[in-house]
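**Student:**
Put into structure tokens, the structure is as follows:
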């Protein structure tokens with residue numbers, strides 16, 4: 097008896113979901129989401145119908161879809177943004193790709209303790225490199241910076257590593273015996 101009721105309820109939900117499919121398909125195309133978003137939306141509609149079978153209508157569906165947009169805009173990872181832009185135009189994808197690369201550069205600077213004023217100096221160089229459709233490799237990001245800025249960034253990178261040393265005594269010991277060593281190609285092997 098229980099299985100018959102559960103089966104009947106499931107069939108009823110499936111039938112109601114089929115009535116919402118055209119609306120969801122239209123919404124997905126209109127907002128430029130990729131086709132795989134349809135599966136996720138249908139799952140959300142199924143869950144909503146299970147909880148509120150009687151009063152779920154197109155207005156509630158629209159509010160559910162708008163909630164989906166807000167959640168998608170608010171907390172999408174880099175991979176998620178790339179998936180969402182699969183179905184969009186090439187120019188828009190390029191802009192989104194540049195934004196992702198900018199965000200990666202900003203996260204790299206934050207992770208490595210680069211001060212905010214220095215970030216403001218670095219970002220124009222990153223943006224100009226991105227506008228030239230060149231990739232900014234975070235491992236070699238220093239190569240696009242002018243010499244003075246590059247030296248300042250290297251100093252901050254070294255200091256940031258020293259700040260992570262756990263013991264204050266060890267940190268003082270290390271910094272006492274540190275000195276700058278400049279090696280040129282001719283005397284690199286002697287150092």
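Residue numbers (the numbering used here): 97 to 287. Every residue, glycine too, gets a C-beta built ideally from N, C-alpha and C.
Cα separation between residue 222 and residue 107?
**Tutor:** When rounded, the distance between both Cα atoms is 55 Å.
**Student:** In three-state terms, what does DSSP make of residue 210?
**Tutor:** coil
**Student:** Select from 197, 273, 215 the residue whose C-alpha is nearest the C-alpha of residue 246.
**Tutor:** 215
**Student:** Taking buried to mean at least 16 other C-beta atoms within 10 Å of its own C-beta, is residue 195 buried or exposed?
**Tutor:** exposed
**Student:** Report back the beta-carbon spacing between residue 201 and residue 237 to the nearest angstrom; my notes put them in contact at under 8 Å.
**Tutor:** 7 Å
**Student:** Anyone know if the C-beta pair for residue 252 and residue 210 falls short of 8 Å?
**Tutor:** Annotated as proximal: residue 252 and residue 210, with beta-carbon spacing under 8 Å.
**Student:** Between which residues of its own chain and residue 217 is the CB-CB distance below 7 Å, once the five residues before and five after are set aside?
**Tutor:** 245
**Student:** For residue 270, name the three-state secondary structure that DSSP assigns.
**Tutor:** Note: residue 270 maps to helix in three-state DSSP.
**Student:** Measuring only the C-alpha atoms, how far is residue 263 from residue 121?
**Tutor:** For the pair residue 263 and residue 121, the Cα-to-Cα distance works out to about 59 Å.
**Student:** Of all the options 140, 136, 145, which has the alpha carbon lying nearest to the alpha carbon of residue 111?
**Tutor:** Comparing Cα-Cα distances from residue 111 to each of 140, 136, 145, the minimum goes to 145.
**Student:** By a C-beta neighbour count over all protein chains shown, 10 Å radius and 16 as the cutoff for buried, is residue 171 buried or exposed?
**Tutor:** With a pLDDT of only 48 at residue 171, under the threshold of 50, the placement of this residue in the model should not be trusted, and no figure is reported.
**Student:** Kindly list the residues whose CB is nearer than 7 Å to the CB of residue 268, restricted to its own chain and excluding five residues on each side of it in sequence; keep chain order.
**Tutor:** none
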